[in-house]
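Numbering (our numbering), first residue to last: 324 to 675.
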């Protein structure tokens, strides 16, 4: 019993020092802990997994930090007893996943540098991307206005707005808007690092210049690569934070469909959904169902339906209880829940 107490005390006393050093890529305190005779495999696995699961462990640009981290992982493999197979497997898996992710980021960066738009002046580059996104939003707004001008006879029991383009393709207005914002955000971030636009923790871009249609077309290749960048960033960070691994397949091991499209190497990030993500998914589903229920209540009440204008040109202000559509009423209702106000019922509503 006394040995158990001394072991617990040793863990408490050493844990702070061990974590501080491990977070600084040092192993001296860890070596002392392992050699002290109170080595606990489960504790060590948990500590090392937490250290290597931090978001900053994947270095997209800092090549020197990559080398330092790799040397740290190699040092860990030498320090950890050989019989701790689970720890060695975890270290190898984390290391492979981080190095593979960084290699893919490097390749995407290389592809971006080869794009025609990347050979233009920095001002032309950034404003081509901004103008492309502006045009994208104008297009979405145009589809929205057409949809609002054509009031359907039958109400769709969904608060989510679907649009249809000239080719008959149906898409989500929210999803399309989100993709445009993400594309511009990641592109601005990449250009900011490339041209060093950071000043006092802000990004200062070049003054606006006139861009040509060819520049907007050329920016499209960066948009596709930026989407790949975002997806890689999301899946690699999720694997790092919540557990997962990556498989690289080459030659005959490449999936048949990908092989038919000329893919010679494919990368597969595999992971199990964590308990945190499972609970988050359940919570999101509950919010969606509550939103749908509220939407059904809105379209079922005559007082709400009469507040929706028949034509877009007749719309007034929200404080006048004039709405573009039922979805706008739902938005106000959701704001009620978030900010504990009554945007629909309070006659003294103050629009901030």
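Beta carbons are placed, not taken as given, at the ideal position from N, Cα and C, and that holds for glycine.
Computed from a prediction, not measured in an experiment: that's the story for all the values here.
> How many Å lie between residue 663 and residue 654 at the Cα?
Replying inline: Here residue 663 corresponds to residue number 340 of the chain shown, with the count starting at 1. Here residue 654 corresponds to residue number 331 of the chain shown, with the count starting at 1. Distance between the alpha carbons of residue 663 and residue 654 is about 14 Å.
> Which whole-angstrom value is the C-beta distance of residue 454 and residue 539, which I expect to be below 8 Å?
Replying inline: As a first step, residue 454 must be located in the chain shown, where it is residue number 131. As a first step, residue 539 must be located in the chain shown, where it is residue number 216. The pair is a contact, with the Cβ atoms about 6 Å apart (cut-off 8 Å).
>> From the DSSP secondary-structure annotation, give me the bridge partner or partners of residue 570.
In response: Against the chain shown, residue 570 aligns to sequence position 247. According to DSSP, which records beta bridges pairwise, residue 570 is partnered with 591.
>> Does residue 656 pass the burial test, meaning 16 or more other C-beta atoms within 10 Å, or should it be called exposed?
In response: Walking along the chain shown from the start, residue 656 turns up at place 333. Classification of residue 656: buried, given that the 10 Å Cβ count is 16 or more.
> Going by Cα to Cα distance, which pick from 368, 362, 508 and 514 is closest to residue 448?
Replying inline: What you label residue 448 is simply residue 125 of the chain shown in a count that begins at 1. Out of 368, 362, 508 and 514, 514 has the C-alpha closest to the C-alpha of residue 448.
> Residues in its own chain within less than 6 Å of residue 391 by CB, not counting five upstream and five downstream?
Replying inline: The residue given as residue 391 occupies position 68 in the chain shown. Result list for residue 391: 348, in chain order.
>> Using C-beta distances below 8 Å, list every residue in its chain close to residue 404, excluding the 5 sequence neighbours before and after it, in chain order.
In response: Residue mapping note: residue 404 aligns to position 81 of the chain shown, counting from 1. Within the same chain, residue 404 has close Cβ partners 357 and 362.
> Per DSSP, which one or two residues make a beta bridge with residue 487?
Replying inline: For this step, residue 487 is matched to residue 164 along the chain shown. According to DSSP, which records beta bridges pairwise, residue 487 is partnered with 493.
> DSSP puts residue 522 in a beta bridge; with which residues?
Replying inline: If you number the chain shown from 1, residue 522 lands on position 199. In DSSP, residue 522 forms a bridge with 525.
>> Under DSSP, the alpha helix (DSSP H) around residue 659 begins and ends at which residues?
In response: Residue mapping note: residue 659 aligns to position 336 of the chain shown, counting from 1. It spans 649-662 - the alpha helix (DSSP H) in which residue 659 sits, taken as one unbroken run.
>> Short of 8 Å in beta carbon distance, which residues of its chain neighbour residue 459, apart from the five on each side in sequence? Order them along the chain.
In response: Start at 1 with the first residue of the chain shown, and residue 459 comes out as number 136. Closer than 8 Å at Cβ, skipping near neighbours: 499 and 503.
> Between the C-alpha atoms of residue 430 and residue 422, what's the straight-line distance to the nearest angstrom?
Replying inline: Walking along the chain shown from the start, residue 430 turns up at place 107. Walking along the chain shown from the start, residue 422 turns up at place 99. Cα to Cα, residue 430 sits roughly 12 Å from residue 422.
>> Pop quiz: residue 559 and residue 577 are said to be a contact at Cβ under 8 Å. What is the actual Cβ separation, rounded to whole angstroms?
In response: Locating residue 559 in the chain shown gives position 236, where the first residue counts as 1. Locating residue 577 in the chain shown gives position 254, where the first residue counts as 1. Their Cβ separation, rounded to whole angstroms, is 20 Å, which puts residue 559 and residue 577 out of contact at 8 Å.
> Does the separation of the CB atoms of residue 546 and residue 506 fall below 7 Å?
Replying inline: The count along the chain shown starts at 1 and reaches residue 546 at position 223. The count along the chain shown starts at 1 and reaches residue 506 at position 183. Yes; because the gap between Cβ atoms is below 7 Å, this pair is in contact.
> Going along the chain, which residues of its own chain have a beta-carbon closer than 6 Å to the beta-carbon of residue 562, five neighbours each way excluded?
Replying inline: Within the chain shown, numbered from 1, the residue matching residue 562 stands at position 239. Counting only Cβ-Cβ distances below 6 Å, and skipping sequence neighbours, we find 420, 592 and 594.
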